[in-house]
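See structure below.
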Amino acid sequence: MSAFVINGGRRISGSIRVQGSKNSVLPILAATVLVNGTSVIHNCPDLSDTAGTVKILKNLGCKVLREGNSIIVDSTNVTSSEIPESLMREMRSSVIFLGAILGRVKSAVVSTPGGCEIGLRPIDLHIYAMKQLGVDIAEDYGKLVCSAPNGLVGKKITFSFPSVGATENAILASVTAKGTTTIVNAAREPEIIDLCAFLNKCGGEIYGAGESVITIKGKERLNPCEYSVICDRIACATYLIAGAVTGGDVNLENTNPVHLNAIIPPLEEAGCHINVRCKEIRLKAPRRLNRIDKIITQPYPGFPTDAQAPFTTLVCVAKGTSVIVENIFESRFKHIPELVRMGAKIRMEGRVAVIDGVERLYGAEVVSPDLRGGAALVLAGLCADGITTVRNTRFIDRGYEDFENNLSMLNADVRRKAN
Ligand code: EPZ
Numbered sequence: 238m239s240a241f242v243i244n245g246g247r248r249i250s251g252s253i254r255v256q257g258s259k260n261s262v263l264p265i266l267a268a269t270v271l272v273n274g275t276s277v278i279h280n281c282p283d284l285s286d287t288a289g290t291v292k293i294l295k296n297l298g299c300k301v302l303r304e305g306n307s308i309i310v311d312s313t314n315v316t317s318s319e320i321p322e323s324l325m326r327e328m329r330s331s332v333i334f335l336g337a338i339l340g341r342v343k344s345a346v347v348s349t350p351g352g353c354e355i356g357l358r359p360i361d362l363h364i365y366a367m368k369q370l371g372v373d374i375a376e377d378y379g380k381l382v383c384s385a386p387n388g389l390v391g392k393k394i395t396f397s398f399p400s401v402g403a404t405e406n407a408i409l410a411s412v413t414a415k416g417t418t419t420i421v422n423a424a425r426e427p428e429i430i431d432l433c434a435f436l437n438k439c440g441g442e443i444y445g446a447g448e449s450v451i452t453i454k455g456k457e458r459l460n461p462c463e464y465s466v467i468c469d470r471i472a473c474a475t476y477l478i479a480g481a482v483t484g485g486d487v488n489l490e491n492t493n494p495v496h497l498n499a500i501i502p503p504l505e506e507a508g509c510h511i512n513v514r515c516k517e518i519r520l521k522a523p524r525r526l527n528r529i530d531k532i533i534t535q536p537y538p539g540f541p542t543d544a545q546a547p548f549t550t551l552v553c554v555a556k557g558t559s560v561i562v563e564n565i566f567e568s569r570f571k572h573i574p575e576l577v578r579m580g581a582k583i584r585m586e587g588r589v590a591v592i593d594g595v596e597r598l599y600g601a602e603v604v605s606p607d608l609r610g611g612a613a614l615v616l617a618g619l620c621a622d623g624i625t626t627v628r629n630t631r632f633i634d635r636g637y638e639d640f641e642n643n644l645s646m647l648n649a650d651v652r653r654k655a656n
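In my numbering, the protein residues as written are 238 to 656.
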């Protein structure tokens, strides 16, 4: 187990290249199972979640090699259709292998993924989508034993909620199914567009990615290709907020600014000056931030739930009172008690948090409750008086590549220590 030790109060400034998207690379690596041959995926961040995904690919019989930030997957011989419980439990996103395995070998045995720290995270929509495509699913002691004896057959799938993972599973299971599948109320996240762009480059025929209705015309076979995933928009938001809370000046390279359309207005409302130039985005912060009236998390293109915790830290040190409403996950405020330990003034009622900004937070020993909550605590340490120790970096390592070195390159005083 390790911890980040942060000596706060330094102005975060400078320029860094932002990692590839965790939430793009995971489904795209899963999608390589559908391709008979060797795919090359570039801009893959070096994360524990990516490593976990590679372990699952190898367990299925794929040959996988990482070369720098490229991952090469030879899925010529998929020899298994089962993901062991230990691997399923390592990360929530393992469930998106279900659609890919079914699409390739027409059967799959997976265990129900562990609920993540942020909520129950059921998979009823995933199961509904697979059943719509002709998959028989038996739930047996926490395992889903799936089979499609007549193969997968395209159908209309209407989601009651635009679930990102369920949309990805429906796309992965239908891209080589017989006939046409229409997904209604599909998730519209940029990571869905990225997955569909990869599959279309492999010879898939998918229309409407990024819209609420996606049409997939099943193809016999997909061919390997070379593909580069998009930039991680949540990592971008996190580094921008590091500049915002320290009166800093941060420039991010290799970004897709259009994916940040929902987070730029609140940053500007807080008094930050944002300048977008091609694939770069620069934030200059005021000496003291203004409050943000309301942050309400929504499915894309609304305000992203993954940026909620980092923004909570921002409004903790803003002038005035801000309100945050978390609509997506029922248990995504676990970073708040830790921020209160650092002097934040926050009242909570269910999914609503009311934050009265303070002049200064002060350093303390805090514990990461989950991936984005842990990042929020590191951001708090950057602007706090004194030393902050953030324990349980393993959560943060799931989604932020080389976090302490990237922050150090932006003038932060942060180091990792065993705890
Ligand atoms: C993806 O999770 C992301 N993870 C999450 O990012 C992100 O927060 C989330 O989408 C929302 O944008 C990956 O892409 C690997 P959902 P996912 O299915 O697919 C409920 C991060 O920090 N739901 O859109 O699990 C669910 O409980 C992570 O990078 C059902 O009820 O999210 C939740 O309340 C965290 N039944 C809501 O929908 C289902 O079958 C959104 O979940 C599926 C979901």
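Glycine included, every Cβ here is placed at the ideal spot set by N, Cα and C.
- Three or more beta-carbon pairs drawn from the stretch 600-614 and the stretch 543-563 are found closer than 8 Å, and the two stretches are therefore classed as touching.
- Taken in chain order, the whole beta strand (DSSP E) runs of length 3 or more contained in the stretch 539-599 are 558-562, 582-586 and 589-593.
- Pairing threonine 626 with leucine 619, the inter-Cα distance amounts to about 11 Å.
- DSSP places threonine 395 within a strand segment (E or B) once states are collapsed to three.
- Below 8 Å, too few C-beta pairs join the stretch 467-481 and the stretch 438-448 to call them touching: fewer than three.
- Every alpha helix (DSSP H) stretch that sits fully inside the stretch 239-326 and reaches 4 residues is listed by chain position as 259-268 and 285-296.
- Cβ contact annotation for asparagine 493 (same chain, cutoff 6 Å, sequence separation greater than five): Ile467 and Cys468, in chain order.
- Classified as exposed, alanine 375 has fewer than 16 neighbouring CB atoms from the shown chains inside 10 Å of its CB.
- If the five residues before and after isoleucine 451 are omitted, its C-beta is found closer than 6 Å to the C-beta atoms of Ile420, Ala423 and Gly445, all from its own chain and listed in chain order.
- The beta carbon of glycine 594 sits closer than 8 Å to the beta carbons of Leu526, Arg528, Val552, Cys553, Val554, Ala555, Lys556, Gly557, Thr558, Ser559 and Lys582 from its chain, once the five residues preceding and following it are set aside; these are given in chain order.
- Contact check for lysine 456 against glycine 480 fails: the beta carbons are separated by 8 Å or more.
- Closer than 7 Å to some heavy atom of ligand 1: that describes the Cβ of leucine 362.
- The closest heavy atom of ligand 1 lies 7 Å or more from the beta carbon of proline 574.
- Remark: the C-beta of asparagine 422 is outside contact range of ligand 1, defined as less than 7 Å to any heavy atom.
- Burial state of arginine 652 is exposed, judged by a 10 Å Cβ sphere holding fewer than 16 other Cβ atoms.
- Taking a C-beta distance under 8 Å as the contact criterion, alanine 267 and leucine 357 do not qualify as a contact pair.
- If you look at histidine 363, you'll find it in the alpha helix (DSSP H) that goes 361-369.
- Taking a 10 Å sphere around the C-beta of arginine 329, we find 16 or more other C-beta atoms and assign the residue as buried.
- Not one heavy atom of ligand 1 falls within 7 Å of the beta-carbon of glycine 416.
- Here the alpha carbon of arginine 588 sits roughly 6 Å from the alpha carbon of valine 562.
- Going by beta carbons, valine 272 and serine 312 fall inside the 8 Å limit.
- Look at valine 412 here: in three-state DSSP terms it is coil, with no helix or strand label.
- The beta carbon of leucine 608 sits closer than 7 Å to those of Phe632, Ile633, Arg635 and Gly636, all from its chain and outside the five residues before and after it, given in chain order.
- Contact annotation: glycine 402 and valine 390 have beta-carbon atoms that are not nearer than 8 Å.
- Under the 10 Å beta carbon count, alanine 655 is surrounded by fewer than 16 other beta carbons and is classified as exposed.
- Not one heavy atom of ligand 1 sits closer than 7 Å to the Cβ of arginine 425.
- Under the DSSP assignment, serine 384 falls in the beta strand (DSSP E) whose first and last residues are 380-384.
- Ligand 1 never approaches alanine 499 closely enough for any of its heavy atoms to be under 7 Å from the residue's Cβ.
- DSSP lists Leu489 and Val513 as the beta-bridge partner residues of isoleucine 518.
- Distance from the Cα of leucine 520 is smallest, within the candidate group Gly485, Lys343 and Pro538, for Gly485.
- Remark: the C-beta of valine 589 is outside contact range of ligand 1, defined as less than 7 Å to any heavy atom.
- The stretch 239-256 and the stretch 638-650 touch, with no fewer than 3 CB-CB distances between them shorter than 8 Å.
- Within the same chain, Leu362 and Ala424 come within 7 Å of serine 400 by CB-CB distance, once the 5 residues on both sides are set aside.
- Partner residues in a beta bridge of arginine 528, as assigned by DSSP, do not exist.
- With a 10 Å radius around the Cβ and a threshold of 16 neighbouring Cβ atoms, asparagine 260 comes out buried.
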